[in-house]
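For the sequence shown, our numbering gives the first residue as 7, with consecutive numbering after it.
A virtual CB, placed ideally from N, CA and C, is assigned to each residue, including glycine.
Source: prediction; values computed, not measured.
Data first, discussion second: the structure below is written as structure tokens.
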Amino acid sequence: MNDYYRTIQYLPLVDEKGKIIGRGEKNKLHKKGILHKGFSIGLFLNKKIILQKRKHLFFDKVTDFTASGHSIAIGPSFQKEKEAVYETLLREWSLKRKEIKNLTKKGSFFYKAKDKEDFIEHEFCTVYHARVDFTPSPNFDFAYGYDLVDWDFLVNNQELFPLSPWLSASLKIKSLRIA
């Protein structure tokens, strides 16, 4: 598994309103199910979303948004979330900022889910959408592959995909869908 996932990182802890109240070590948070801040980004090529076949220590081999991650602590503060989104897309898809169009915050929600290895995601997850003009290639250190799926087909046929719990939850929230 990729060494990036084994690095010690500190993530923002949040309260029940999503307000940052501290920091916690990434692996400990996921072992104990401690509420923290995360994000997911759906990249669209026309009306199709690029879905990542996730390669990760937690929730491995699920179909996810194009990318999901966290802002990390840099010194005494956290990186700005949009910066973390751009950094994640560069790392996982080799996408430069200028290739990502109309990065838009769609909304946030809470969820809690346990994977088959007993890791627990307990997040206040903010969903972003953006557009690209071409199909990017995934970094296979972070993905097994990808699917380019018509958005309406995904919404209406969720059972055909082994969806990440956060993608599944977000599809139930109308404000997080594309227009």
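What's the C-alpha gap between residue 100 and residue 39? Sequence index remark: in the sequence shown, residue 100 carries index 94 (1-based). Sequence index remark: in the sequence shown, residue 39 carries index 33 (1-based). Computed Cα separation, rounded: 31 angstroms.
Could you check how far apart the C-beta atoms of residue 91 and residue 134 are, in whole angstroms? I think they sit under 8 angstroms. Locating residue 91 in the sequence shown gives position 85, where the first residue counts as 1. Locating residue 134 in the sequence shown gives position 128, where the first residue counts as 1. Indeed, because the Cβ distance is near 6 angstroms, the residues count as touching under 8 angstroms.
Opposite residue 176 in the DSSP bridges: which residues? By 1-based counting over the sequence shown, the position of residue 176 is 170. For residue 176, which the question treats as bridged, DSSP gives no partner whatsoever.
Quick one: using the 10 Å Cβ neighbour count with 16 as the cut-off for buried, is residue 169 buried or exposed? Walking along the sequence shown from the start, residue 169 turns up at place 163. Under this definition residue 169 is a buried residue.
Locate the alpha helix (DSSP H) running through residue 159, then write down its first and last residues. Taking the sequence shown and counting its residues from 1, one reaches residue 159 at position 153. 157-162 is the extent of the alpha helix (DSSP H) around residue 159.
Alpha-carbon to alpha-carbon, residue 71 and residue 145: Against the sequence shown, residue 145 aligns to sequence position 139. Against the sequence shown, residue 71 aligns to sequence position 65. Roughly 15 angstroms between the two C-alpha positions.
Buried or exposed, going by whether 16 or more other CB atoms sit within 10 Å of the CB of residue 140? Here residue 140 refers to the residue found at position 134 when the sequence shown is read from its first residue. For residue 140, the number of other beta carbons within 10 angstroms of its own is below 16, and it is reported as exposed.
Can you tell me where the alpha helix (DSSP H) with residue 138 in it begins and where it stops? Here residue 138 refers to the residue found at position 132 when the sequence shown is read from its first residue. No alpha helix (DSSP H) holds residue 138; DSSP gives it neither H nor E.
Nearest-angstrom Cα distance between residue 50 and residue 14? Within the sequence shown, numbered from 1, the residue matching residue 50 stands at position 44. Within the sequence shown, numbered from 1, the residue matching residue 14 stands at position 8. Roughly 32 angstroms between the two C-alpha positions.
Output needed for residue 31: all residues of its chain with C-beta closer than 7 angstroms, excluding positions within five of it in sequence on either side, in chain order. For the purposes of this step, residue 31 is taken as the residue at position 25 of the sequence shown. The residues are 14, 16.
Could you spell out where the beta strand (DSSP E) holding residue 59 opens and where it closes? Along the sequence shown, read from residue 1 onward, the residue named residue 59 stands at position 53. First-last of the beta strand (DSSP E) with residue 59: 54-60.
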